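Asks: Structure incoming, see below.
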C-alpha cells in the first residue's frame, strides 16, 4: 500500500525511474518477448496510458533499462581500489557475476546469438560495458597506453568472462567460488603468456603479482 | 569466354553451386547489404530470372553461402593429424585465419554485434563451426568426455580465436605469424591454468606437451 501511495505522488523523473526499475526486474526473470507493456505498467502500478507518456514502446524502455543497468554495473566497477590487485580483480569479477545473476534472463537473451532484442543500439551498450571493464583494469594496473597485444589480451579475457558467465547461468555446473577463482587464474595465465611477446605486459604482470 | 560457355551448359546442382560460389566471393569483399541479386546474377553470368529458380531471395542464398563456407571450413579442420599436437593446432589456426581472411567482409559482418544479417539461422551455423573446432581438438588429444572446466576452457579459447581474428582483420596491427603463435600460447596458458582445477585437463596438457 505504501508503494502504491508513493508511486501515485511521483515527480516525472521519479516515475520514469520507477517504470525502468519495474521493467529491469521483469526482464531479469522472463525473456524480453514475454514482457508486455501491460506487465510493466501493472508491476509499476500505473495505467497503460501513463506508460506511454514516458516511453514510446517496448524497444525504447528495453534499451533505456539496459542503459540504466549498464551504468549501474560500470559504477560498481569503479569502486575504490583497495588491497592487492589480484583481490581487486576478484571483487570486480564477483560484482559482475552478481550483476549477471540478478538480471539472468536479460543477460542470457542479450549475449546469446540470434537474440530478438540484439540491435545496434543494445550492442553499443554492451560494448560500452566491455570498454569500461578493460579501462578499469588498465587504470588499476597503471598502464596508460597498452600495446596492441596487451589490449587484445584484456579484450579476450572480458569475452572469456562473458562467455563463462553465460554458460554458468544456463548450466550452473560449477560452484560460484570455483568460477571466480578460475576466471582470475585465466587472466593471470593469459597475461603471462602475452608477457613473452611484449615488455609492457611483462611490467603489468610484475605489478599484479607484487603484494 | 570459356567460363560463360561452361556456365550455360551447367546441370542444376552445378548451376546452384556456381551461384553460391559467386555469392560467397561477393560477400567476402562487400557488406551483405551492398550485394544485390543483380550483382550475384551478373557475377555468375545468369539472368535474374534464372537466379530465382534456385534461390527465393537474398536471405536464402546468404544462409546457403554461409552453410557452404562453414562446411568447407569444418572439412579443413578434419585434415589428417600428423606431427606433434602443438603443430596440428598451429595448422588449425592457420587454416582458420586464412579462411577468415578470404571471406573477410562476411566474417566481420557476421561476428560483429548488431549485424543486419545475424539471425537465429546464421547463429546456428556459427555455433556449428565452434562445436566442430572444439570436437576436433578433443578428438586429437584423445579426450572423450571432457570435464565442464575443460570444455569451458576450449569454448573460451575458440571465442578468443574469433575475437582476435575479427580485431586483426579490422586493424591488421600484428604480423600474422605473431597472431598465430600468440593464439597457440594462449591455449596452452589457458589449459595449463585449468589443469590446476581438474585432473582430466592435466592429462591433456601432458599429451600436448609430449613430443
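Protein chains in written order, with my numbering: chain A, -16 to 194; chain B, -16 to 194. Note that beta-carbon positions come from the ideal geometry of N, C-alpha and C, so glycine has one too. These numbers come from a predicted model, not from an experiment.
Checking contacts by CB at 8 Å: is residue 131 of chain A closer than that to chain B?
Replies: yes
Asks: When the cut-off is 8 Å and only beta carbons count, does residue 146 of chain A lie next to chain B?
Replies: yes
Asks: From this set, B:49, B:126, B:132 and B:74, which residue's C-alpha is nearest residue 89 of chain B's C-alpha?
Replies: B:49
Asks: Whose C-beta lies closer than 6 Å to the C-beta of residue 198 of chain A among residues of the same chain, with five residues either side of it excluded?
Replies: Here chain A comprises residues numbered -16 to 194, so residue 198 of chain A is not present and cannot be evaluated.
Asks: Using a Cβ-Cβ distance under 8 Å, would residue 88 of chain A count as near chain B?
Replies: Answer no: the Cβ-Cβ gap between residue 88 of chain A and chain B never drops below 8 Å.
Asks: Measuring alpha carbon to alpha carbon, tell me which residue in A:87, A:143 and A:0 is nearest residue 29 of chain A.
Replies: A:0
Asks: Mapping DSSP to helix, strand and coil, what is residue 85 of chain B?
Replies: helix
Asks: Which value, in whole angstroms, describes the spacing of the CA atoms of residue 169 of chain A and residue -5 of chain B?
Replies: 51 Å
Asks: Tell me whether residue 33 of chain A is buried or exposed, calling it buried when 16 or more other Cβ atoms sit within 10 Å of its Cβ.
Replies: exposed
Asks: Roughly how many angstroms separate the alpha carbons of residue 72 of chain B and residue 83 of chain B, rounded to a whole number?
Replies: 17 Å
Asks: By how many angstroms is the C-alpha of residue 78 of chain A removed from the C-alpha of residue 5 of chain B?
Replies: Near 49 Å, if we compare the C-alpha coordinates of residue 78 of chain A and residue 5 of chain B.
Asks: Report the three-state DSSP secondary structure of residue 97 of chain A (helix, strand or coil).
Replies: With a pLDDT of only 48 at residue 97 of chain A, under the threshold of 50, the placement of this residue in the model should not be trusted; the figure read from the coordinates follows. Looking at residue 97 of chain A - three-state DSSP - the assignment turns out to be coil, as it is neither helix nor strand.
Asks: Who are the near neighbours of residue 141 of chain A in its chain, counting only those whose CB is closer than 7 Å to its CB and skipping five residues on each side?
Replies: 113, 116 and 117
Asks: Could you name the residues of the stretch 170 to 186 of chain A whose beta carbon sits closer than 8 Å to any beta carbon of chain B, in the order they occur along the chain?
Replies: Answer in chain order: 171, 172, 173, 175, 176, 177, 179 and 180.
Asks: For residue 43 of chain A, is the classification buried or exposed, using 16 other Cβ atoms within 10 angstroms of its Cβ as the cut-off for buried?
Replies: exposed
Asks: Can you round the beta-carbon distance between residue 133 of chain A and residue 126 of chain A to whole angstroms, since I take them to be within the 8 Å contact cut?
Replies: 7 Å
Asks: Does the structure place the stretch 171 to 178 of chain B close enough to the stretch 171 to 185 of chain A that three or more beta carbon pairs sit under 8 Å?
Replies: yes
Asks: Just checking my contact of residue 152 of chain B with residue 76 of chain B at CB under 8 Å: how many whole Å lie between their CB atoms?
Replies: Going by Cβ atoms, the distance from residue 152 of chain B to residue 76 of chain B rounds to 14 Å, so no, they are not a contact pair.
Asks: Can you give me the C-alpha to C-alpha distance between residue 46 of chain B and residue 109 of chain B, rounded to a whole angstrom?
Replies: 11 Å
Asks: Between the Cα of residue 111 of chain A and those of A:13, A:53, A:12 and A:150, spot the shortest distance and give me the residue it belongs to.
Replies: A:53
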